[in-house]
Each structure stands twice: as C-alpha cells, then as structure tokens.
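As structure tokens, the structure follows; a few thoughts come after it.
There are 2 protein chains.
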Amino acid sequence: MDNNLTPEKPYVIGLDMGGTNSVFGIVDSRGTIKAQTVISTKAYPDVKDYVKAAVEALQPCLDMIGGIQNVRGMGIGAPDGNYYTGNIEHAVNLVWKGIIPIAKLFSEALGIPVRITNDANAAAMGEMAYGVARGMNNFIMITLGTGVGSGIVCDGKIVYGSDGFAGELGHVIVDYTPEARPCGCGRKGCLETYCSATGVARTARQFLQKSVKPSLLRELNPEEITSYDVFCAAEKGDEIAKEIFEFTGYTLGAACANFANFNSPEAFVFFGGLTKAGHWIMDPITRAYNENVLSLYKGKAKLLVSSLEGSEAAVLGASALGWE
Amino acid sequence: MDNNLTPEKPYVIGLDMGGTNSVFGIVDSRGTIKAQTVISTKAYPDVKDYVKAAVEALQPCLDMIGGIQNVRGMGIGAPDGNYYTGNIEHAVNLVWKGIIPIAKLFSEALGIPVRITNDANAAAMGEMAYGVARGMNNFIMITLGTGVGSGIVCDGKIVYGSDGFAGELGHVIVDYTPEARPCGCGRKGCLETYCSATGVARTARQFLQKSVKPSLLRELNPEEITSYDVFCAAEKGDEIAKEIFEFTGYTLGAACANFANFNSPEAFVFFGGLTKAGHWIMDPITRAYNENVLSLYKGKAKLLVSSLEGSEAAVLGASALGWE
C-alpha cells in the first residue's frame, strides 16, 4: 500500500506517568520528541476516564504526525509498572489502587501495541537509547528522587527477574545497626532512607541536632529543609551542608561498590534532582566507590550523571518500549 | 558422510578444574557422565604440560565413545575463568600465574571448540541444565567452599557483566563496623569472611573465646577446627556449635534478602560442604531471609540445596558450555 521509502510506522508514543502529572511524547526513531502533551494523573479517580482524557489530549499531537496509523506502539513508564503483566500493581503513589491493566486499556483505546515498565527502568532505557549509556550493555541506573529507584541492564537488556519487579536497589539494606533509619517499606536501614531527597532532609535535621556548629540551615524550619536548601548552603561554604552531602554521597558510593559485584557494570548513571548538587555529591560518591570496590572491578565503571532532562529521559525511555 | 539418525556429535567434555585436581567427564545430551578421569592440576608448573597430560588421560575415555570426532565441544569451569576471553586470569589458587589462554590451548590440542567460565558459574549452569534449577530463568547460585562464590542467572543466562567477572557476591560487604573481619581481597566485612568454611572456623574460634560455656569444640586445637567439626558438635547438642551455625546462616540469609533486590530470583541454590550441615544452617538462612526481604519479594524465592554431587555439578555445568 505504502510505496515510498519511509518506514511504514515511523513514530512511537512515550508516556512518563507520575503521581501528579502524565507527560506524553510522540517520538521518532532518532529520539526526537516531535510533539508533547501533559494531563493530570491524579484528577481521574477512575482509570478509564484517565485513558479517555489521555487519548483526547494526544489527538492534536497525532494529527501533527499524520494520525495514529503512523504510530508503531506505545511505551509507558509508571510507578510499579510490570513489564510482564502490562499492569500497574499496587502503586502507592497513584490514585488507582490494586491492579490496573493500563497497557490493555491504552491498547484498546488506541489500537496499537502497548508495553509498560517502571519509571526507573524507563529512565535506564532512555539513557541506553539516547543518553550517556548509549552503546553500553551492562550498567546500573540510579534514580535519586523522593525515593531511590534503579534500573539494571545486563547484556543489553533490563533485568526484570522472575516477577517483573527486579531492580529495587533503593531497598538494599546498608545499615544493620540499631540506629538504622526506618523506611517506608516497613524495614530499617534501606539505601533510600539515606540517599533520596527526603533522606538528605533527614540527614540535615540529624546533623543540625547533633552539632553545635553555626549553619545557614539553622535559619530554616527543620521540617521544611529540602536537598536544594542544602545545596544552596553548601555553595555558600556552609560546613554542615557540605558534611550532609559528604555523608549522602559516601553512603551511595559505598553501596554502588557492592552493586558492582552483581553485573560488573560499565557505568553507574545517576539521575534526578540530587545530581544537581554536582561535585558536592559526585565527589564523595566517587571516593567511596573507589575506596570500597573489589580490586577486580577497580577503575572499570564510570560514574556518570544523566545527560537527559527530567521528563525527557522518562518519555524517551518509555517510548523505546514502543519499538519492541 | 554419517547416514544414521544419531546426532553427528553427541558428546561434550566437561572439565572441573580445581587448585588440586582436575576432573574431566564425557557427557551426553541428557547429562549422563559416560566416562570420567582425573589428573593433578598442581603437578604441572607449565600449563602446556598440563594440557598434554590431560589429552593423554582423556584418550581412553574418548575411545569409549568412538573418538574425538563424536565430541561437539568442551566446557571448562575454572577459578577466575573468563567467558569472554577464554583465559584464566590471575588465579590465586592455581600454580599458573598471570593470564593463561586455556581455552585456546585445549582447542588446539583437541581440535574442538572450547569455552570457559568460572567455577561458580559452571555450578549454576549445572543446576540449570540438570539440577534443582531446571527450568528456572532467574536464580542465584551460592557456592559455600573455602570461599563464597556465586553465579547469577537472569533471563536464562549467566550474568557475565562488562568484563566477564560479574557475580562476586562473596565479596559483597555485609559489615561496615570497625569489628568487620579482614578478607583475603584486602578489604573488610565481605560475606565470605563469615559464610565460607573458613569463615565458620573463624566464628568458632571467636565464639569459643568470648564465651565460657562448655563445648565439645574446646577439646580441639582452635586453629584446626573445621565446619565439619562444628556440624558434629551441633548434632550432639552442643550449644556453641548451634550458635555458630545460627550466626553463619543468619548472616547469609540476610545477605540473600538484599541480593533479591537485583534480579528477584525464583530461587537461591546453595552448594558446597557447608550445606551438609542441613537444618543447622538452612533454618537460620530461611528465617533471616524471610525477616529481611522486601515485602514485594516475600514468599517468591525458594531456598534450595543443590541436588548434584560435588564434582558432578561442576563437570556437568562446565560440559553445558560445550554445547554452545
């Protein structure tokens, strides 16, 4: 039917689904986002209304690229998205509870194949296809947000494990002492309690309390301190702020040194707000990694910061699933 | 040329290379060892003499199956064997130092393709092809010997990582306190310092020293206590011996709970002398695993003991590489 030389379906849809907003992008095979639209995720208590709103919002974007017949498939990155089942399963950060057959719903609404994975895996796919991990077959993506997520790539593929839920490095226990911090998962001492944005805020409150050193952070309400406040203070030479990043980075770097024992990665790619702290966080990560990694792996893995912008990485990563 | 219906080359050679002995097996496609022979590994300071001796020792076995023309390939499981390069690289437990192109040497001597992997990966392949992990696509093999080794299987394949040296879970650091035990790798607190046979002996000496309880183990020279002695004492109701296994198993089970975060395995398969301690070691492993694993993974992974005999598993596992 189609006699010209362009591929029959040259686009995919990528969806970065967050608890608050959902960002949709129409992406070509080079990773260029040709059109983009956003809808609220939490405004639709019924997921069917959400899918309907999404399809409506996508229509003008689809018109720009000649309609849905030019779209090969759709990929979704969503919290607790399961690649094997196509479902979102018991996501704590979404309005929909239980098991949501999101891939099936979008596939029926759009008439194209739809695949889903969790947000950290989508970010890893984005880095592998279009970011700093391009060409790498073995790397570990660490996402530093409200929590700590991860996407593990072995032999060019995301590790999904027996149930689709592999790769929860934020919940590796790094502290078994009685002082270990309680984690939202119900256990204690998870990496996430130290190295997420909220972990940094906890460290800030703790360090301010146990020290008498002056600090710019003392001017703030301890309950409202953010990792950005700590960054701003560190930039102004604040000692406690520097110690907070030192502790956070060292904890993360030492944990990554342990992670290297799994898949001997070519790189760790760090992503998320905390990476904006630049050398304040990357220097202690690097030092801890080098001090703690097994000599067999020394000097082999690069410690990289994502080159993709926040939502861009997730949309591109999700869209990469659309080509499968 | 060959007009009957049997496959043209129905056998493979598997080699389980240890620091002391090398066990060769001729294996058919069902995993039956049709013939077996052993030579000393350490008796040949020159690896070329070793290969020559191996080929001579193999000759009667090969005659039994109609000669080398019936052999499809050879697989080797060896300490520090690298799947990517075909070399043994800087093995501390072998007489040959530096980089030994063992796959190339055997391939030239026998005229068949030869592949190599490390001993723990070979054991994992043996379990996957012929043992308790048959049919599993995601599992973790833990070998408990003089050291602690591991073979990680994701999506039906051994994880080799960027350099062929992935899967060193014995060197995951599980203790960051100042009391952490020094490890042969030059660092402190590695899992291996607690859960290997030598780790059990260290624990025995430590527990005997810090306690005044009577123990059958006090009759032995502390420097000569083995994990088998501890097992015999536990069987006789010795309290300290039971505490030693409790500590060892708990440490291992808690570490495995962390490992589950990587590939959400269907099973952990434990292999090696220490597993002969049966419930003394498996009960605390199971309890620690269940107490420490992320709720997402709870009840999903089986904790299994290898069903293959010591050298059999390694020979079969290595031989599985011969079919590739």
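If you're matching them up, the sequences are chains B and Z in order.
With our numbering, letter number 248 in the first sequence gets 275, and the count goes up by one each step, no holes.
With our numbering, letter number 173 in the second sequence gets 200, and the count goes up by one each step, no holes.
From the three backbone atoms N, C-alpha and C, an ideal C-beta is built for every residue, glycine too.
Buried or exposed: residue i, going by 16 or more other Cβ atoms within 10 Å of its Cβ?
i	result
asparagine 317(B)	exposed
methionine 163(Z)	buried
proline 205(B)	exposed
methionine 28(B)	Here the model assigns methionine 28(B) a pLDDT of 42, short of 50, so the residue's position is not dependable and the matter cannot be decided.
threonine 278(B)	buried
serine 322(Z)	exposed
lysine 70(B)	The residue asked about is misnamed: residue 70(B) is alanine in this sequence, not lysine. With fewer than 16 other Cβ atoms within 10 Å, it is exposed.
valine 227(Z)	buried
serine 238(B)	exposed
proline 249(Z)	exposed
tyrosine 187(Z)	buried
methionine 152(Z)	buried
aspartate 76(Z)	exposed
glycine 305(B)	exposed
valine 119(Z)	exposed
serine 67(Z)	exposed
glycine 191(B)	buried
glutamate 219(Z)	buried
glutamate 154(Z)	buried
methionine 44(B)	buried
threonine 47(Z)	exposed
asparagine 31(B)	Bear in mind that the predicted position of asparagine 31(B) carries a pLDDT of just 48, short of 50, making it too unreliable to give a figure here.
glutamate 135(Z)	exposed
Can you pull the chain B neighbours of residue i, defined as C-beta to C-beta under 7 angstroms?
i	result
alanine 193(Z)	Phe289, Asn290 and Ser291
histidine 198(Z)	Asn288 and Leu321
Please compile the residues from chain Z whose C-beta is within a distance smaller than 7 angstroms of the C-beta of residue i.
i	result
aspartate 190(B)	Ser291 and Lys327
asparagine 285(B)	Val199 and Ile200
Which residue or residues does DSSP assign as beta-bridge partners of residue i?
i	result
asparagine 164(B)	Asparagine 164(B) pairs with nothing; no bridge assigned.
proline 209(B)	Lys215(B)
cysteine 181(Z)	Lys184(Z)
aspartate 55(B)	Tyr38(B)
threonine 64(Z)	Phe51(Z)
methionine 44(B)	Ser49(B)
phenylalanine 295(Z)	Ile167(Z) and Leu330(Z)
isoleucine 200(B)	Cys217(B)
valine 98(B)	Tyr38(B)
isoleucine 92(Z)	In DSSP, isoleucine 92(Z) forms no bridge with anything.
valine 175(B)	Leu171(B)
glycine 104(Z)	Asp43(Z) and Thr144(Z)
Residues of chain Z with a CB under 9 angstroms from the CB of residue i: which are they?
i	result
serine 322(B)	Cys212, Gly213 and Arg214
For my contact list, residue i and residue j are in at a C-beta cut-off of 8 angstroms; report their separation, rounded to the angstrom.
i	j	result
glycine 300(Z)	alanine 224(Z)	6 angstroms
alanine 260(Z)	serine 242(Z)	7 angstroms
methionine 168(Z)	valine 141(Z)	At roughly 22 angstroms, the Cβ-Cβ gap does not stay under 8 angstroms, so methionine 168(Z) and valine 141(Z) are not in contact.
isoleucine 185(B)	leucine 137(B)	Actually they do not touch by this definition, with Cβ atoms about 23 angstroms apart.
isoleucine 115(Z)	glycine 104(Z)	That belief does not hold up - the Cβ atoms of isoleucine 115(Z) and glycine 104(Z) are roughly 11 angstroms apart, past 8 angstroms.
valine 82(Z)	valine 39(Z)	Not quite, the Cβ-Cβ distance comes to about 16 angstroms (not below 8 angstroms), so this is no contact.
asparagine 288(B)	histidine 198(Z)	6 angstroms
alanine 147(B)	glycine 178(B)	5 angstroms
isoleucine 271(B)	phenylalanine 234(B)	6 angstroms
glutamate 3(Z)	lysine 240(Z)	What the structure shows of chain Z is the stretch from 28 to 351, and residue 3(Z) is not part of that stretch, so it cannot be assessed.
alanine 150(B)	phenylalanine 298(B)	5 angstroms
valine 159(B)	serine 291(B)	Valine 159(B) to serine 291(B), Cβ: 18 angstroms. No contact.
tyrosine 110(B)	isoleucine 60(B)	Contact doesn't hold; Cβ gap of about 23 angstroms is too wide.
glycine 344(Z)	threonine 313(Z)	Glycine 344(Z) to threonine 313(Z), Cβ: 25 angstroms. No contact.
threonine 302(Z)	leucine 196(Z)	That pair is no contact at about 16 angstroms.
serine 49(B)	valine 65(B)	7 angstroms
Would you mind telling me which residues of chain B sit closer than 9 angstroms to residue i, beta carbon to beta carbon, in chain order?
i	result
cysteine 181(Z)	Ile179, Cys181, Asp182, Lys184, Val186, Tyr187, Gly188, Ala193 and Asn290
Counting only Cβ pairs nearer than 8 angstroms, list the residues of chain Z close to residue i.
i	result
asparagine 165(B)	Gly188, Ser189 and Ala193
task: Jot down the residue ranges of each uninterrupted alpha helix (DSSP H) in the region 106 to 169 of chain B, minimum 4 residues, whole runs only, in chain order.
output: 129 to 137 and 146 to 157
message: I'd like the ranges of any alpha helix (DSSP H) spanning at least 4 consecutive residues and lying wholly in the region 245 to 280 of chain Z.
response: 254 to 262
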